[in-house]
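Those protein sequences? They're chains A and B, same order as listed. For the first sequence, counting from 1, position 311 maps to 311 in UniProt numbering; every step adds exactly one. For the second sequence, counting from 1, position 299 maps to 299 in UniProt numbering; every step adds exactly one. Take a look at the structure set out below.
Protein chains: 2
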Amino acid sequence: MSAPAKTASSIKDVARAAGVSVATVSRVLGNGPVSEALRKRVEDAVRATGYRPNLSARRLRSQHSQTVGLVVSDIRNPFFTAVSRAVEDAAYHAGMRVILCNSDENPEREELYLRLMQEERITGLIFAPTRATLDRLDRLDLEFPVVLIDRNAPAGRHDAVVLDNPQAAAMLVDHLHARGYRRIAGLFGNTSTTGAERHEGYRAAMAAKGLVPAARFIAPYADAAEEAVERWMADADRPEAFVVSNSLFLMGVVKAARRMGLSIPGRLAVAGFDNEPWTELVGPGLTVIEQPVQEIGRSAMALLFERLEQPDRPTRRLVLAGTCVVRGSTGARLEAAD
Amino acid sequence: MSAPAKTASSIKDVARAAGVSVATVSRVLGNGPVSEALRKRVEDAVRATGYRPNLSARRLRSQHSQTVGLVVSDIRNPFFTAVSRAVEDAAYHAGMRVILCNSDENPEREELYLRLMQEERITGLIFAPTRATLDRLDRLDLEFPVVLIDRNAPAGRHDAVVLDNPQAAAMLVDHLHARGYRRIAGLFGNTSTTGAERHEGYRAAMAAKGLVPAARFIAPYADAAEEAVERWMADADRPEAFVVSNSLFLMGVVKAARRMGLSIPGRLAVAGFDNEPWTELVGPGLTVIEQPVQEIGRSAMALLFERLEQPDRPTRRLVLAGTCVVRGSTGARLEAAD
DNA sequence: CTGAAAGCGCTTACAG
DNA sequence: CTGAAAGCGCTTACAG
């Protein structure tokens with residue numbers, strides 16, 4: 001049997017066992033001012049009764065939930081996996097709990113979870129919203145501060161920590177250009193601001209080099225990328241290289257290239273986001289932008305704590321630079337593409 | 001500013017606004033028996049006040065936390081990522097919340113988190129414990145049922161859902177044997193029961209084929225595998241093939257092979273766990289055992305719910321079969337290994 | 001069907 | 001330093 005259904009002891013039981021008032025027990029537990037003698041008796045009683053505080057009661061009474069909410073699109077996206085791990089570490093370290101929710105880029109689910117967060121009376125929220133929700137975030141009248149991650153705030157009404165997406169995408173274009181590629185296509189996600197920002201960096205960098213941008217926006221799945229690449233590479237204007245805005249798309253490109261028998265980078269160069277462990281192992285290695293995931297998670301928590309301490313201070317946006325990790329998938333262009 | 005610090009309204013405010021008692025409000029919220037007229041007035045008042053229930057209060061009063069705990073070694077392990085996503089979906093679907101903790105295979109952290117679970121008065125726990133904690137789990141006197149996942153219960157005192165690890169490992173050995181490999185080495189994790197079970201299947205299958213097992217136990221990191229392979233392949237008794245017990249080790253083997261210039265499968269065949277998306281893309285594709293991750297998560301929740309309904313029914317162990325996904329990394333052995 | 005009252009397990013002024 | 005008392009926001013017998 002798993003559950004001995006033994007009912008938990010309360011602060012009252014401890015008080016009785018120690019021969020003191022519940023107030024004294026509470027003070028010992030909360031490191032309040034208590035004489036050594038009573039403290040000792042209470043501590044013994046805690047051990048004897050196997051007492052464990054009831055956090056629901058504590059939260060209700062103290063009006064502090066000590067909880068941070070974390071809403072991301074999908075924990076299986078390795079970027080969010082890493083960020084959420086960093087957030088959890090920081091939270092538990094600070095004696096807080098985290099409630100994690102997956103929105104699947106679905107505004108309705110976001111709304112549901114935001115409501116849940118209200119009901120949990122969370123201390124603050126770390127949030128990677130869809131574009132739709134981002135647009136109406138201000139009107140939502142949430143009762144807790146929110147720190148945006150990954151996705152960008154238009155008006156700057158919320159603290160945020162984001163990658164410098166335009167610059168990162170531009171780095172990829174510049175790198176490909178330096179390696180001799182000219183017909184550089186772009187594949188961007190169509191649901192988040194991230195895709196849009198990376199597209200903007202791509203577009204600007206292409207223009208700066210006097211190249212013609214050719215971007216397509218697709219659903220954020222590997223399959224969508226695979227299909228897009230296959231179709232595109234069958235066109236007369238097929239590109240020599242792809243810049244893609246996430247690691248699912250990287251998979252899609254590699255799969256399509258393999259299926260069509262296109263060597264990388266011989267017939268098709270590829271660069272994208274993010275530096276997942278496996279990108280080093282695929283083909284000649286994939287050139288990617290690495291995001292400082294640990295720092296993103298840690299910084300989001302830090303911004304949240306600062307906001308809680310100074311509710312009225314001006315909003316901050318932390319823009320972190322990505323790193324370009326160059327690998328074989330963008331090797332120098334040697335042969336004509338056709 | 002992010003936090004309008006507007007204090008939340010309570011059931012009392014709603015009662016006042018609707019001109020009814022708090023009991024009636026509570027009944028409307030909980031779908032209790034209330035006349036249509038009052039129900040309507042309360043619902044209007046809820047909207048007017050923007051009322052959101054306080055879950056801490058609800059939990060305290062009802063003595064139901066509606067919370068399932070989930071303790072895994074590391075959410076960044078893709079197996080646990082997928083399982084936890086499935087658990088969360090099932091939980092939210094059932095109106096429950098989940099508290100996720102990463103133990104890092106560290107028994108002290110496990111103890112810490114088990115204590116946290118007690119304090120949260122969780123309804124039940126889904127747990128992938130270390131060997132050390134598994135051994136003393138019975139003596140811990142937890143006040144909630146626990147369903148083990150991934151790691152195996154020795155005595156069967158807890159419900160569990162696990163892969164048929166011995167059989168899965170044996171499948172890999174049999175497959176390599178059929179492809180002509182004979183000197184098949186094994187690399188297994190040294191912290192979990194999973195590694196031990198997969199080793200046992202490997203050992204038995206090798207013996208059944210009249211082959212000599214050669215297993216090493218290493219820390220559960222890619223680096224450890226890479227190092228182990230490099231050292232082993234420099235030996236006189238270097239293997240023709242590796243069976244490894246997780247996907248981190250797969251990465252390690254591929255890296256080592258690449259560094260040493262050993263072609264896969266020409267000079268070294270590889271097979272292992274799990275079927276991560278990238279295993280299809282690395283080298284000639286990696287032969288792996290696929291676990292039914294969705295089903296593991298879902299089943300764990302199902303077992304938990306059944307246990308809650310029937311606390312005294314006999315313990316169940318759900319043993320799920322893996323699937324062998326054959327790819328190029330175990331291509332037929334063509335050349336002599338040296 | 002409805003309301004007044006008790007109480008879940010805590011913390012925190014308030015007296016002493 | 002210590003205790004009696006109030007109360008956080010709910011739910012749930014208990015009467016009516």
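Every residue gets a Cβ at the ideal spot worked out from N, C-alpha and C, and that includes glycine. What you are looking at is a predicted structure, and each value in this text was computed from that prediction instead of being measured.
Give a yes or no on whether 8 Å exceeds the smallest Cβ distance from A/Ile126 to chain B.
Along the first sequence, one-based indexing puts residue 126 of chain A at 126. Chain B contact via Cβ: absent.
With C-beta atoms as the reference, is B/Glu88 less than 8 Å away from B/Val72?
Counted from its first residue, the second sequence places residue 88 of chain B at position 88. Counted from its first residue, the second sequence places residue 72 of chain B at position 72. Not a contact, by the Cβ cut-off of 8 Å.
Report yes if the C-beta distance between A/Ala205 and A/Val173 is below 8 Å; otherwise report no.
Start at 1 with the first residue of the first sequence, and residue 205 of chain A comes out as number 205. Start at 1 with the first residue of the first sequence, and residue 173 of chain A comes out as number 173. A contact, by the Cβ cut-off of 8 Å.
Check A/Glu290 in the structure and name its three-state DSSP category.
On the first sequence, residue 290 of chain A is found 290 positions in, with the first residue counted as 1. Correct three-state label for A/Glu290: strand.
Taking the alpha-carbon of B/Ala17 as reference, which of B/Pro292, B/Ala45, B/Ala23 has the nearest alpha-carbon?
Translated into positions along the second sequence, residue 17 of chain B becomes position 17. Measuring from the Cα of B/Ala17, the nearest candidate turns out to be B/Ala45.
Alpha carbon of B/Ala3 to alpha carbon of A/Glu143, nearest angstrom:
Residue numbering aside, residue 3 of chain B sits at position 3 when the second sequence is read from its first letter. Residue numbering aside, residue 143 of chain A sits at position 143 when the first sequence is read from its first letter. With a pLDDT of 38 at B/Ala3, under the threshold of 50, the modelled position of that residue is not reliable, and the figure given next carries that caveat. Rounded to the nearest angstrom, the two C-alpha atoms are 6 Å apart.
Strictly under 8 Å for the Cβ-Cβ distance: is B/Leu262 near chain A by that measure?
Taking the second sequence and counting its residues from 1, one reaches residue 262 of chain B at position 262. Not one chain A Cβ lies under 8 Å of B/Leu262.
Between A/Ser56 and B/Ser65, is the Cβ-Cβ spacing less than 8 Å?
Reading the first sequence from its first residue, position 56 is the one you call residue 56 of chain A. Reading the second sequence from its first residue, position 65 is the one you call residue 65 of chain B. Closer than 8 Å, so yes.
Which residues in chain B sit within 8 Å of A/Asn54, going by Cβ to Cβ distance?
Residue numbering aside, residue 54 of chain A sits at position 54 when the first sequence is read from its first letter. Correct list: Leu60, Glu119, Arg121.
Closer than 8 Å is the cut-off here; do at least three beta carbon pairs connect the region 28-38 of chain B with the region 17-36 of chain A?
no
What ranges does the alpha helix (DSSP H) occupy inside the region 216-259 of chain B, keeping only unbroken runs of at least 4 residues that lie completely in it?
222-234
Rounded to whole angstroms, what's the CA-CA distance from B/Met260 to B/Asp223? Just pull it up for me.
Here residue 260 of chain B is taken as the residue at index 260 of the second sequence, counted from 1. Here residue 223 of chain B is taken as the residue at index 223 of the second sequence, counted from 1. Distance between the alpha carbons of B/Met260 and B/Asp223 is about 15 Å.
How would you write the range of the alpha helix (DSSP H) that A/Val14 sits in, first residue to last?
Start at 1 with the first residue of the first sequence, and residue 14 of chain A comes out as number 14. Per DSSP, A/Val14 belongs to the alpha helix (DSSP H) from 11-18.
Of the residues B/Arg313, B/Val22, B/Pro220, which one's Cα is nearest the Cα of B/Leu187?
Reading the second sequence from its first residue, position 187 is the one you call residue 187 of chain B. Among B/Arg313, B/Val22, B/Pro220, the Cα nearest to that of B/Leu187 is on B/Pro220.
Within the chosen definition, does the region 76-93 of chain B reach the region 112-124 of chain B through at least 3 CB pairs nearer than 8 Å?
no
Let's see if you can read the secondary structure: which residues bound the beta strand (DSSP E) around A/Gly201?
Reading the first sequence from its first residue, position 201 is the one you call residue 201 of chain A. Careful: A/Gly201 lies outside any beta strand (DSSP E), inside the alpha helix (DSSP H) at 193-208.
Chain-ordered chain B contacts of A/Asn102 [CB-CB under 7 Å]:
The residue given as residue 102 of chain A occupies position 102 in the first sequence. Per Cβ cutoff of 7 Å: Arg85, Glu88.
Should A/Ala5 go down as buried or exposed, given a rule of 16 or more other Cβ atoms within 10 Å for buried?
Within the first sequence, residue 5 of chain A is the residue found at index 5, counting from 1. Here the model assigns A/Ala5 a pLDDT of 40, short of 50, so the residue's position is not dependable and the matter cannot be decided.
Determine, using beta carbons only, whether B/Pro292 and B/Leu318 come nearer to each other than 8 Å.
For the purposes of this step, residue 292 of chain B is identified with residue 292 of the second sequence, where counting begins at 1. For the purposes of this step, residue 318 of chain B is identified with residue 318 of the second sequence, where counting begins at 1. For B/Pro292 and B/Leu318, no; Cβs fall outside 8 Å.
If you measure between the beta carbons of A/Gly180 and A/Arg333, is that distance less than 8 Å?
For the purposes of this step, residue 180 of chain A is identified with residue 180 of the first sequence, where counting begins at 1. For the purposes of this step, residue 333 of chain A is identified with residue 333 of the first sequence, where counting begins at 1. A contact, by the Cβ cut-off of 8 Å.
Cβ neighbours of A/Gly331 in the same chain (closer than 6 Å, five flanking residues each side left out):
Position 331 of the first sequence holds residue 331 of chain A. For A/Gly331, where only same-chain residues beyond five positions count, the Cβ hits under 6 Å are Pro265.
Measure the C-alpha to C-alpha separation of B/Cys324 and B/Phe273 and round it to an integer number of angstroms.
Counted from its first residue, the second sequence places residue 324 of chain B at position 324. Counted from its first residue, the second sequence places residue 273 of chain B at position 273. For B/Cys324 and B/Phe273, the distance between alpha carbons rounds to 9 Å.
Among A/Ala225, A/Gly19, A/Gly124, A/Ala271, which residue has its Cα nearest to the Cα of A/Asn190?
For the purposes of this step, residue 190 of chain A is taken as residue 190 along the first sequence, with counting starting at 1. Of A/Ala225, A/Gly19, A/Gly124, A/Ala271, the residue nearest in Cα terms is A/Ala225.
Measure the alpha-carbon distance for B/Ile289 versus B/Gly252 and round it to whole angstroms.
For this step, residue 289 of chain B is matched to residue 289 along the second sequence. For this step, residue 252 of chain B is matched to residue 252 along the second sequence. Each residue's alpha carbon lies about 17 Å from the other.
With DSSP as the reference, label B/Arg157 as helix, strand or coil.
Translated into positions along the second sequence, residue 157 of chain B becomes position 157. It is coil, neither helix nor strand.
Near A/Arg59, which residues of its chain fall below 6 Å by C-beta distance, leaving aside the five closest residues on each side in sequence?
Along the first sequence, read from residue 1 onward, the residue named residue 59 of chain A stands at position 59. Closer than 6 Å at Cβ, skipping near neighbours: Ser65.
So, helix, strand or coil for A/Asn102, using DSSP?
Here residue 102 of chain A is taken as the residue at index 102 of the first sequence, counted from 1. Strand.
Between A/Thr81 and chain B, is there a C-beta pair that is closer than 8 Å?
One-based indexing of the first sequence puts residue 81 of chain A at position 81. Closer than 8 Å to some Cβ of chain B, the Cβ of A/Thr81 qualifies, so yes.
Contacting residues, own chain, Cβ-Cβ under 8 Å from A/Ile75 (five flanking each side not counted)
In the first sequence, residue 75 of chain A corresponds to position 75, counting from 1. So the list reads Thr81, Ser84, Leu100, Asn102, once near-sequence residues are dropped.
Please tell me whether A/Pro220 has its Cβ less than 8 Å away from any Cβ of chain B.
Numbered from 1 along the first sequence, position 220 holds the residue referred to as residue 220 of chain A. A/Pro220 does not count as touching chain B.
Which same chain residues, not among the five before or five after A/Gln294, have their C-beta less than 6 Å away from its C-beta?
Locating residue 294 of chain A in the first sequence gives position 294, where the first residue counts as 1. Only Ala86 meet the Cβ criterion.
Short CB-CB distance (under 8 Å) between A/Ala15 and chain B:
Taking the first residue of the first sequence as 1, we reach residue 15 of chain A at position 15. Answer no: the Cβ-Cβ gap between A/Ala15 and chain B never drops below 8 Å.
Do you know offhand how far A/Ala170's Cα is from A/Tyr202's?
Position 170 of the first sequence, counted from the first residue, corresponds to residue 170 of chain A. Position 202 of the first sequence, counted from the first residue, corresponds to residue 202 of chain A. For A/Ala170 and A/Tyr202, the distance between alpha carbons rounds to 5 Å.
Given that B/Ala207 touches chain A, what residues does it touch there, using C-beta distances under 7 Å?
Along the second sequence, one-based indexing puts residue 207 of chain B at 207. Here the premise fails: no neighbours, minimum Cβ distance about 33 Å.
Per DSSP, the bridge partner or partners of B/Thr67:
The residue labelled residue 67 of chain B in the question sits at position 67 within the second sequence. Paired residues: B/Arg97.
Note down, in chain order, every chain B residue with its Cβ under 8 Å from the Cβ of A/Ser65.
The residue given as residue 65 of chain A occupies position 65 in the first sequence. Chain B residues near A/Ser65: Ser56.
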